[in-house]
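K.L.:
Okay, here's the structure, questions in a sec.
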Amino acid sequence: MNEDSRPSIEDVYPRCVSALGKEKWAELFKEAADYTQVPDTIATAVGVPQYAADLARVELAKYEAATAPRPTTEGITEAVINPTLKAVEVSHRHLPQWVNEGKGPEPEAGTEVVLAWRGPRTGRLYVRAASSRDLLVLKMLAEGIPAADVASAGKLSVGAVERAVFRAADSGLVITPPSLIRRPDDFPQGEIEPGRFRESGSFTLQWHLTQACDLHCAHCYDRSDRKPLPLDKAYEILAQLRQFCTDRRVEGQVSLSGGNPLLYPHFFEVYARAVELGFEVGVMGNPTSRAMLQRMIDIEMPSFYQISLEGLEERNDAVRGKGHFKRSLEFLKLLKDMGISNMVMLTLTADNVDDVIPLGLKLEGLADSFNFNRLSQVGEGASLRLPDKERLREFLKEYLDTSREHTHMRLKDNLFNILLRQEGLPPDGGCTGFGCGAAFNFVTVLPDGEVHACRKFPSLIGNLYENTLAEIYDSPTAERYRRGCAECEPCPIRPVCGGCLAVSHGLGIDALTQKDRCCFFDSTTA
């Protein structure tokens with residue numbers, strides 16, 4: 001670095017200037033100083049806060065990470081530590097909050113390691129105290145220790161160690177090889193920033209373990225009698241999923257559903273094996289007992305537990321059975337009490353559209369997240385109706401506005417992106433983070449081994465009794481579902497939308513050629 005390009009030390013250490021005061025700062029640095037020597041100078045100074053030298057070390061680490069070349073995944077063949085990472089051992093806590101926000105709790109004595117790095121995808125700068133998991137992953141990669149050895153020493157599963165690496169990669173602390181779950185180069189990009197919404201770092205198996213259910217909802221997609229998989233076949237599917245995710249360089253996630261998945265006779269065996277293999281495991285079921293939840297926690301905390309509500313009490317109970325609403329609210333309290341992340345899902349119909357926002361507001365403080373899907377008029381849902389297009393547009397706008405002040409109300413429907421575009425705002429990821437993700441970053445497995453692109457409508461792409469998961473995913477049929485609706489291809493928001501294939505199918509149109517009839521995108525005004 002030449003003399004002219006050296007930064008002002010005040011620019012490198014703004015929080016230290018504030019902590020010491022301008023007079024003390026001027027006294028210490030009345031002559032030009034090498035910015036890298038500032039922490040050592042403060043460490044020997046008299047009349048400065050005890051934490052000041054540590055604060056300077058953290059600010060220096062932040063500056064060096066920020067000015068390092070942006071890291072890339074190019075040429076990466078295995079997980080590596082982010083080359084911009086700076087690690088500083090300090091003897092005071094709360095310093096990252098001071099550096100990030102300019103304020104925070106008074107720094108207090110206590111040793112910790114502070115990490116600063118620049119993310120590879122967005123260039124975002126991170127400064128935070130290292131967790132024990134961070135340090136484990138960094139030690140493993142720095143010393144080349146095999147995951148199996150780390151697992152054995154820590155009495156963990158290999159899958160748990162590998163999952164820790166994926167968690168570190170989420171923020172770019174660790175850089176992993178590019179995912180191979182990726183939209184093809186000729187997939188329409190519309191007017192979305194190049195490269196965004198093309199590559200998924202995870203793959204989800206939505207696994208309907210059983211058709212057995214203790215409810216009988218009015219909109220149920222499938223009440224057919226399907227024989228559940230034997231346990232050995234279930235284990236085989238999990239092994240295939242692990243191999244698939246390893247080969248595609250993605251984190252595996254398993255969402256156990258049904259029917260009611262807890263009625264599957266081997267639920268806990270499947271749950272335990274999925275955890276052992278390193279998958280994030282969530283449950284999409286009905287309210288259950290504390291004892292059942294504790295059995296899960298004793299294996300490992302589920303990543304989430306999702307239940308469904310269909311409106312306020314009267315409407316919900318008309319769909320799901322008398323007393324279901326009150327049981328569900330009590331169950332959400334139980335989940336909170338046990339520290340389990342919870343989600344509430346609703347199926348949107350013309351009958352309950354007026355209940356959705358009031359329900360969302362009622363769930364504030366109870367539900368960690370609240371979402372809805374539009375009705376797919378298949379199975380027993382064929383007798384119900386969707387809101388008309390104009391009413392849907394009005395509702396989505398009101399919901400979007402409400403969600404800005406009530407952040408547990410999440411945006412899942414792809415059509416929200418039309419409204420965001422009209423407001424000149426960045427797009428949301430839509431239904432799966434990639435618009436319609438059918439057969440892209442998730443597939444559905446039914447109790448008899450059938451694999452569908454999406455659970456909400458018949459979209460058969462194979463059967464695990466006949467082919468492997470990889471063969472099914474790579475099949476021409478799956479590729480066609482991944483491509484989505486042909487009529488949507490020219491749309492400027494295609495990567496985050498594509499409508500809903502299930503809704504289109506339920507309305508009796510060809511979902512792969514004709515666009516979602518609820519779409520209200522107007523190219524002349526959007």
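Residue numbers (this note's numbering): 1 to 526. Note that beta-carbon positions come from the ideal geometry of N, C-alpha and C, so glycine has one too. The model shown is predicted, which means the values in this text are computed figures rather than measured ones.
Considering just the uninterrupted stretch of the beta strand (DSSP E) at residue 374, what are its terminal residues?
P.N.:
369-374
K.L.:
Just to confirm the assignment, what range does the alpha helix (DSSP H) spanning residue 163 have?
P.N.:
158-170
K.L.:
Starting from residue 240, trace the alpha helix (DSSP H) both ways and give me its first and last residue.
P.N.:
Here the alpha helix (DSSP H) through residue 240 covers 231-248.
K.L.:
Ignore the nearest five residues each way along the sequence and tell me which others in residue 104's own chain have a CB closer than 6 angstroms to its CB.
P.N.:
94, 97 and 98
K.L.:
On a CA-only basis, which of 330, 253, 513 and 408 is nearest residue 368? Give me that one, please.
P.N.:
408
K.L.:
What three-state label does DSSP hand residue 89 in the structure shown?
P.N.:
In the structure shown, the three-state DSSP call for residue 89 is strand.
K.L.:
Do the CB positions of residue 428 and residue 411 come within less than 8 angstroms of each other?
P.N.:
yes
K.L.:
Does residue 271 come out as helix, strand or coil in the three-state DSSP assignment?
P.N.:
helix
K.L.:
Nearest by alpha-carbon distance to residue 268: which of 433, 209, 322 and 241 is it?
P.N.:
209
K.L.:
Sort 493, 125, 197 and 255 by Cα distance to residue 527 and report the nearest one.
P.N.:
A query on residue 527 cannot be resolved here, the shown segment of the chain reaching from 1 to 526 and no further.
K.L.:
Report all residues from its chain with a CB closer than 7 angstroms to the CB of residue 204; omit the five preceding and five following residues, and keep chain order.
P.N.:
253, 255, 441 and 442
K.L.:
In whole angstroms, what is the alpha-carbon distance linking residue 311 and residue 226?
P.N.:
29 angstroms
K.L.:
Go to residue 126, then tell me how far its beta strand (DSSP E) extends in each direction, as first and last residue.
P.N.:
125-129
K.L.:
DSSP state of residue 226, grouped into three classes?
P.N.:
coil
K.L.:
I'd like to confirm the pairing. Which residues does DSSP put opposite residue 98 in its beta bridges?
P.N.:
Listed as beta-bridge partners of residue 98 by DSSP are no residues whatsoever.
K.L.:
For residue 108 and residue 397, I'd like the C-alpha separation in whole angstroms.
P.N.:
47 angstroms
K.L.:
Go through its chain and collect everything with a Cβ distance to residue 266's Cβ below 6 angstroms, but skip five positions before and after it.
P.N.:
231
K.L.:
Unbroken beta strand (DSSP E) runs of length 3 or more, entirely within the segment 455-507: which are they?
P.N.:
460-463
K.L.:
Counting along the chain, where does the alpha helix (DSSP H) carrying residue 433 start and finish?
P.N.:
Careful: residue 433 lies outside any alpha helix (DSSP H) and carries neither H nor E.
K.L.:
The beta strand (DSSP E) that contains residue 305, what's its start and end?
P.N.:
It spans 304-308 - the beta strand (DSSP E) in which residue 305 sits, taken as one unbroken run.
K.L.:
DSSP three-state call for residue 408: helix, strand or coil?
P.N.:
Correct three-state label for residue 408: coil.
K.L.:
Label residue 465 either buried or exposed according to how many other C-beta atoms from any shown protein chain fall within 10 Å of its C-beta, with 16 as the threshold for buried.
P.N.:
exposed
K.L.:
DSSP three-state call for residue 175: helix, strand or coil?
P.N.:
strand
K.L.:
Here's the rule: buried if 16 or more other CB atoms are within 10 angstroms of the residue's CB, otherwise exposed. What is residue 206?
P.N.:
buried
K.L.:
Beta-carbon within less than 8 angstroms of residue 285's beta-carbon, same chain only, minus the 5 sequence neighbours each way: which residues are those?
P.N.:
256, 257, 258, 260, 261, 262, 305, 306 and 307
K.L.:
Distance, Cα to Cα, residue 74 vs residue 229?
P.N.:
41 angstroms
K.L.:
Between the C-alpha atoms of residue 392 and residue 519, what's the straight-line distance to the nearest angstrom?
P.N.:
9 angstroms
K.L.:
Leaving aside the five residues before and after residue 179 along the sequence, list all residues of the same chain whose C-beta is less than 8 angstroms from its C-beta, in chain order.
P.N.:
199, 200, 201, 248, 249 and 250
K.L.:
To the nearest angstrom, how far is it from the Cα of residue 478 to the Cα of residue 211?
P.N.:
So the alpha carbons of these two residues sit roughly 24 angstroms apart.
K.L.:
Can we say the segment 449-459 touches the segment 152-172, given the rule of at least three CB pairs closer than 8 angstroms?
P.N.:
In this structure the segment 449-459 does not lie against the segment 152-172, because fewer than three pairs of beta carbons, one per stretch, are closer than 8 angstroms.
K.L.:
Taking only three categories from DSSP, how would you classify residue 442?
P.N.:
Correct three-state label for residue 442: strand.
K.L.:
In or out: residue 280 buried (at least 16 other Cβ within 10 Å) or exposed?
P.N.:
Buried, by the Cβ-count rule.
K.L.:
Using the three-state DSSP reduction, which class does residue 360 fall into: helix, strand or coil?
P.N.:
Residue 360 falls in the helix class under three-state DSSP.
K.L.:
Use the C-beta contact count for residue 37: other C-beta atoms within 10 angstroms, 16 or more gives buried, fewer gives exposed.
P.N.:
exposed
K.L.:
Should the segment 43-52 be called in touch with the segment 74-84, which here means at least 3 C-beta pairs below 8 angstroms?
P.N.:
no
K.L.:
Roughly how many angstroms lie between the CA atoms of residue 508 and residue 276, to the nearest whole one?
P.N.:
43 angstroms
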